[in-house]
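K.L.:
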Amino acid sequence: MALTVPTDSDLHPAVSAISRLAKEKFAARAAEHDADSSFPFENYRELHQAGFLGLTIPAEYGGLGIDAVSYVMALLEMAKGCPATALTFNMHANVLLNIAQLASKEQKERYFGEVLGQGKLFATVMSEPDSSFRDRFVLRTSFTPTSGGSYRVQGLKHFCSLGDAADRYFVTGLREGTESAQEGIMAAMVPRSEGGVTLERPWNATGMRATTSHSIRYDTEVLAEDIMGEPGQLLTIDLSGFALGYAATYLGVAEAAYDFILDYARNRVIAPSTEPLAHNPLVQRGLGEMSAQIRAAKLMLREAAAIRESGIREEMSLATNQAKYLCAEAGVRVTEQAMRMAGGSGFLRSMPLERWHRDALAGPVMPPSNDRCLEVIGRLVSGFKAATLEFQ
Numbered sequence: 055m056a057l058t059v060p061t062d063s064d065l066h067p068a069v070s071a072i073s074r075l076a077k078e079k080f081a082a083r084a085a086e087h088d089a090d091s092s093f094p095f096e097n098y099r100e101l102h103q104a105g106f107l108g109l110t111i112p113a114e115y116g117g118l119g120i121d122a123v124s125y126v127m128a129l130l131e132m133a134k135g136c137p138a139t140a141l142t143f144n145m146h147a148n149v150l151l152n153i154a155q156l157a158s159k160e161q162k163e164r165y166f167g168e169v170l171g172q173g174k175l176f177a178t179v180m181s182e183p184d185s186s187f188r189d190r191f192v193l194r195t196s197f198t199p200t201s202g203g204s205y206r207v208q209g210l211k212h213f214c215s216l217g218d219a220a221d222r223y224f225v226t227g228l229r230e231g232t233e234s235a236q237e238g239i240m241a242a243m244v245p246r247s248e249g250g251v252t253l254e255r256p257w258n259a260t261g262m263r264a265t266t267s268h269s270i271r272y273d274t275e276v277l278a279e280d281i282m283g284e285p286g287q288l289l290t291i292d293l294s295g296f297a298l299g300y301a302a303t304y305l306g307v308a309e310a311a312y313d314f315i316l317d318y319a320r321n322r323v324i325a326p327s328t329e330p331l332a333h334n335p336l337v338q339r340g341l342g343e344m345s346a347q348i349r350a351a352k353l354m355l356r357e358a359a360a361i362r363e364s365g366i367r368e369e370m371s372l373a374t375n376q377a378k379y380l381c382a383e384a385g386v387r388v389t390e391q392a393m394r395m396a397g398g399s400g401f402l403r404s405m406p407l408e409r410w411h412r413d414a415l416a417g418p419v420m421p422p423s424n425d426r427c428l429e430v431i432g433r434l435v436s437g438f439k440a441a442t443l444e445f446q
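Counting from 55, one number per residue, gives the positions in the sequence shown under our numbering.
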């Protein structure tokens, strides 16, 4: 099958609209939310008003049904205005994709209706203390059958992006009595308002502070109507959207830093020189390196998204891991390089560069971590089988 990567002119109109919203609205609030570690509720109200909370909801259910390439480009533009909004939006948007693949017709109508009509936000919570995707992930959250198809869900999750801003949590765990994720992994859409959902450890991080990625304990009864699919079914669906969304977010951070420092270099004059910094060959070299890193990462990201859209599953894992690795590395390297180029001023909080750099530091450790990406890439190009996310 020949692969065609859409050009900018082929992108969904939502991409340019989200770009304007991020530039004109989100960017002005980002520093305050970072300083306070507060959730950007205003950004989500505006996304809802503009009709973008349903970006990944299928058109047949009233959403925009955006294609994979347009989605990552929209997320990249969102991140240039507010990285935390883009990162949390990716969680919400991919829960919607999970629902589209797992849920019954009644569940789809109900959950999608909550998003489109009421502006509700959905979070995905997978991570747990003492478990990591660097090896086989051990799920300790349990789903214990009660009556009438309901389950008692018990466990502690951390890095719960959207934290207490979410209206529902896509919670994963193992069905009691099963021994492996392949046999017993389950998911449920747990309402935040339900008793037994408790904030345990508030988020206080170096970067991505406005994601409010708290630790949350669940000890709650979940009705049959909120159980998603059958035991083991979650591992049969396409989950690559999470990693591509992370890649887009951190590349957006890199682009924001590059755009800022390029403008700075073109206009900043430091005595005794009478010319802007951009006339300096060392500065030109640095700008060239940043430009090349960003362009290479963006081309890989778009190709990976196009492969995902085409459904070529045998190529998806390699491309997704390559894109995640390149984009997350670009985020760290470009933001650091931009700070150095700005000199002492780049270290000040009056400039956005230090904030972008702190945000970018989260990129290489988000699953799949960049070390894991390289391991998977190496196995695949060597002709071995490899899974990006493995469960015990």
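Virtual Cβ for every residue (Gly too), placed ideally from N, Cα, C.
Just so it is clear, the structure is predicted and the values come from calculations on it, not from any experiment.
Should LYS439 be labelled buried (16 or more other beta-carbon atoms within 10 Å of its own) or exposed?
P.N.:
Taking the sequence shown and counting its residues from 1, one reaches residue 439 at position 385. Exposed: under 16 other Cβ atoms inside 10 Å.
K.L.:
Nearest-angstrom Cα distance between VAL225 and ALA241?
P.N.:
Walking along the sequence shown from the start, residue 225 turns up at place 171. Walking along the sequence shown from the start, residue 241 turns up at place 187. VAL225 and ALA241: Cα-Cα distance of roughly 5 Å.
K.L.:
Compute the distance between the beta-carbons of ALA133 and VAL386, then report whether it is under 8 Å.
P.N.:
Sequence index remark: in the sequence shown, residue 133 carries index 79 (1-based). Sequence index remark: in the sequence shown, residue 386 carries index 332 (1-based). The answer is no: Cβ separation not under 8 Å.
K.L.:
In three-state DSSP terms, what is HIS212?
P.N.:
In the sequence shown, residue 212 corresponds to position 158, counting from 1. Reduced to three states, the DSSP call for HIS212 is strand.
K.L.:
Of the choices SER181, GLY342, THR232 and ALA138, whose alpha-carbon is the least far from that of PHE80?
P.N.:
Here residue 80 is taken as the residue at index 26 of the sequence shown, counted from 1. When only C-alpha atoms are compared, the closest one is ALA138.
K.L.:
Based on Cα-Cα distance, which residue from ALA384, LEU156, LEU170 and GLY227 lies nearest to ALA113?
P.N.:
Taking the sequence shown and counting its residues from 1, one reaches residue 113 at position 59. The option with the nearest alpha carbon to ALA113 is LEU170.
K.L.:
Can you tell me which of GLU237, TYR98 and TRP410 puts its alpha carbon nearest to the alpha carbon of THR290?
P.N.:
Your numbering for residue 290 matches position 236 in the sequence shown. When each option's Cα is compared against that of THR290, the closest is GLU237.
K.L.:
Rounded to the nearest angstrom, what separates ALA122 and HIS66 at their Cα positions?
P.N.:
Residue 122 sits at position 68 when you count from the first residue of the sequence shown. Residue 66 sits at position 12 when you count from the first residue of the sequence shown. If I take the Cα positions, the gap works out to 10 Å.
K.L.:
Among GLU163, LYS77, ASP90 and GLN155, whose alpha-carbon lies nearest the alpha-carbon of LEU130?
P.N.:
Walking along the sequence shown from the start, residue 130 turns up at place 76. Checked all of GLU163, LYS77, ASP90 and GLN155; the closest Cα to LEU130 is LYS77.
K.L.:
List the residues that DSSP assigns as beta-bridge partners of GLY227.
P.N.:
Here residue 227 corresponds to residue number 173 of the sequence shown, with the count starting at 1. In the DSSP output, where bridge partners are listed per residue, GLY227 has MET240.
K.L.:
If contact is defined by three or more beta carbon pairs under 8 Å, each pair taking one atom from either stretch, is the stretch 161-179 in contact with the stretch 216-231?
P.N.:
Cβ pair count under 8 Å is three or more, so yes.
K.L.:
Quick check on DSSP: helix, strand or coil for ALA177?
P.N.:
The count along the sequence shown starts at 1 and reaches residue 177 at position 123. Assigned with DSSP and collapsed to three states, ALA177 falls in strand.
K.L.:
Below 8 Å between beta carbons: does that hold for ALA416 and GLY261?
P.N.:
On the sequence shown, residue 416 is found 362 positions in, with the first residue counted as 1. On the sequence shown, residue 261 is found 207 positions in, with the first residue counted as 1. Yes, the Cβ-Cβ distance between ALA416 and GLY261 is below 8 Å.
K.L.:
Rank THR442, GLY437, LEU101 and ASP413 by C-alpha distance to the C-alpha of ASP425 and give the top, closest one.
P.N.:
For the purposes of this step, residue 425 is identified with residue 371 of the sequence shown, where counting begins at 1. Per the Cα distances, THR442.
K.L.:
Going along the chain, which residues of its own chain have a beta-carbon closer than 7 Å to the beta-carbon of LEU151, five neighbours each way excluded?
P.N.:
Against the sequence shown, residue 151 aligns to sequence position 97. Cβ neighbours of LEU151 beyond the five flanking positions: THR110 and GLY295.
K.L.:
Output the distance between the C-alpha atoms of GLU248 and GLU254, rounded to the nearest integer angstrom.
P.N.:
As a working note, residue 248 is residue 194 in the sequence shown. As a working note, residue 254 is residue 200 in the sequence shown. Spanning the two alpha carbons is a distance of roughly 16 Å.
K.L.:
Quick one: is GLN338 buried, meaning 16 or more other Cβ sit within 10 Å of its Cβ, or exposed?
P.N.:
On the sequence shown, position 284 is the one that residue 338 refers to. Exposed: under 16 other Cβ atoms inside 10 Å.
K.L.:
Does the beta-carbon distance from GLN208 to THR195 come in below 8 Å?
P.N.:
What you label residue 208 is simply residue 154 of the sequence shown in a count that begins at 1. What you label residue 195 is simply residue 141 of the sequence shown in a count that begins at 1. Yes, the Cβ-Cβ distance between GLN208 and THR195 is below 8 Å.
K.L.:
Could you compute how far the alpha carbon of THR266 sits from the alpha carbon of SER186?
P.N.:
Along the sequence shown, one-based indexing puts residue 266 at 212. Along the sequence shown, one-based indexing puts residue 186 at 132. Taking the straight line joining both Cα atoms gives about 20 Å.
K.L.:
Should GLY135 go down as buried or exposed, given a rule of 16 or more other Cβ atoms within 10 Å for buried?
P.N.:
As a working mapping, residue 135 is identified with position 81 in the sequence shown. With 16 or more Cβ atoms within 10 Å of its Cβ, GLY135 is classed as buried.
K.L.:
Compare the Cα-Cα distances from ASP280 to each of VAL192, ALA219, LYS162 and ALA359 and report the closest residue.
P.N.:
As a position in the sequence shown, residue 280 is number 226, starting the count at 1. Cα-wise, what sits closest to ASP280 is LYS162.
K.L.:
Give, in chain order, every unbroken run of the alpha helix (DSSP H) that is at least 4 residues long and sits entirely within the stretch 89-158.
P.N.:
With a minimum length of 4 residues, the unbroken runs of alpha helix (DSSP H) contained wholly in the stretch 89-158 fall at 95-103, 122-135 and 137-156.
K.L.:
Do LEU353 and VAL126 count as a contact pair if the criterion is CB distance below 8 Å?
P.N.:
The residue you call residue 126 lines up with position 72 of the sequence shown. The residue you call residue 353 lines up with position 299 of the sequence shown. No. Outside cutoff.
K.L.:
Using the Cβ count rule (16 or more neighbours within 10 Å means buried), how would you classify THR328?
P.N.:
Reading the sequence shown from its first residue, position 274 is the one you call residue 328. With fewer than 16 neighbouring CB atoms inside 10 Å of its own CB, THR328 falls in the exposed class.
K.L.:
What does a CB cutoff of less than 6 Å around LEU101 pick up in its chain, not counting 5 residues either side in sequence?
P.N.:
Position 47 of the sequence shown, counting from 1, holds the residue named residue 101. Correct list, in chain order: LEU107.
K.L.:
Determine the extent of the alpha helix (DSSP H) in which ILE315 is found, giving its start and end residues.
P.N.:
Within the sequence shown, numbered from 1, the residue matching residue 315 stands at position 261. 294-321 is the span of the alpha helix (DSSP H), which, as asked, contains ILE315.
K.L.:
Would you check if the distance between the CB atom of ALA351 and the CB atom of THR389 is smaller than 8 Å?
P.N.:
Residue numbering aside, residue 351 sits at position 297 when the sequence shown is read from its first letter. Residue numbering aside, residue 389 sits at position 335 when the sequence shown is read from its first letter. Result no, Cβ atoms of ALA351 and THR389 do not sit closer than 8 Å.
K.L.:
May I ask you to list the residues that DSSP assigns as paired with HIS268?
P.N.:
Indexing the sequence shown from 1 puts residue 268 at position 214. Bridge partners of HIS268: CYS214.
K.L.:
What's the C-alpha gap between ALA392 and GLY340?
P.N.:
Numbered from its first residue, the sequence shown carries residue 392 at position 338. Numbered from its first residue, the sequence shown carries residue 340 at position 286. Approximately 8 Å, taken between the alpha carbons.
K.L.:
Checking the sheet assignment: what are the DSSP bridge partners for ASP273?
P.N.:
As a working note, residue 273 is residue 219 in the sequence shown. Paired residue(s): GLN208.
K.L.:
For THR389, name the three-state secondary structure that DSSP assigns.
P.N.:
On the sequence shown, residue 389 is found 335 positions in, with the first residue counted as 1. It is helical.
K.L.:
Check whether the Cβ atoms of LEU141 and SER215 sit closer than 8 Å, and answer yes or no.
P.N.:
For the purposes of this step, residue 141 is taken as the residue at position 87 of the sequence shown. For the purposes of this step, residue 215 is taken as the residue at position 161 of the sequence shown. In this structure, SER215 lies closer than 8 Å to LEU141 by Cβ.
K.L.:
Please classify ASN148 as buried or exposed, where buried requires at least 16 neighbouring CB atoms within 10 angstroms.
P.N.:
Your numbering for residue 148 matches position 94 in the sequence shown. Buried is the call here.
K.L.:
Counting C-beta neighbours from all protein chains within 10 Å, is the total for THR58 16 or more, i.e. buried, or is it exposed?
P.N.:
Counting from 1 along the sequence shown, the entry for residue 58 is found at position 4. With fewer than 16 Cβ atoms within 10 Å of its Cβ, THR58 is classed as exposed.
K.L.:
Got a sec? Which residues, its chain only, sit under 7 Å from SER73 by beta carbon, not counting five neighbours each side?
P.N.:
The residue you call residue 73 lines up with position 19 of the sequence shown. Contacts found: GLU131.
K.L.:
Report yes if the C-beta distance between GLN347 and LEU156 is below 8 Å; otherwise report no.
P.N.:
Position 293 of the sequence shown, counted from the start, is the residue given in the question as residue 347. Position 102 of the sequence shown, counted from the start, is the residue given in the question as residue 156. In this structure, the beta-carbon distance from GLN347 to LEU156 does not fall below 8 Å.
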